[in-house]
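Structure first, then comments.
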Amino acid sequence: MIVRILGHDFEVVEVPEGHPQLENSWGSFNHDEQLIYIQEGLAPTVAKETLFHEILHGVDNMVVSDGLAERDIFRLSVVLYATLLDNPMIRNYLFGG
Ligand SMILES: [Zn+2]
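The sequence shown lines up with residues 74 to 170 when you count with this note's numbering.
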């Protein structure tokens, strides 16, 4: 899967639990390699929320040099993902469909 972030394509790759690129988390964002790592075997909703989290890291990384703290990325990703997931009418209003 390819995710376009601010005009740049990032490949999403699944790697096993404990893979060094995961850095003791379920996912990671690597700007230099243009890769997003997601731990394989996660529950589908956890995998999707993790990808959303890593996309926010990507946007944050590419917009500002000092970036948001991990806890802020976590808060934003959980709240935004849950809000979009729980409100299909809002998704349709915003993005069509
Ligand atoms: Zn993170």
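Idealized CB from N, CA, C, for every residue including glycine.
Computed from a predicted structure; not experimentally measured.
A Cβ-Cβ distance of about 5 Å is found for the pair TYR110 and VAL88, placing them in contact under the 8 Å criterion. Taking HIS104 as reference, the option from LEU153, LEU129, ARG148, PRO161 with the minimal CA-CA separation is LEU129. According to the DSSP secondary-structure assignment, GLY100 is paired through a beta bridge with ILE111. Residue environment for GLU127: buried (at least 16 other C-beta atoms within 10 angstroms of its C-beta).
Taking the Cβ atoms as the reference, VAL132 lies roughly 7 Å from LEU79, within the contact range of under 8 Å. At least 8 Å separates the beta-carbon of GLU122 from that of SER101.
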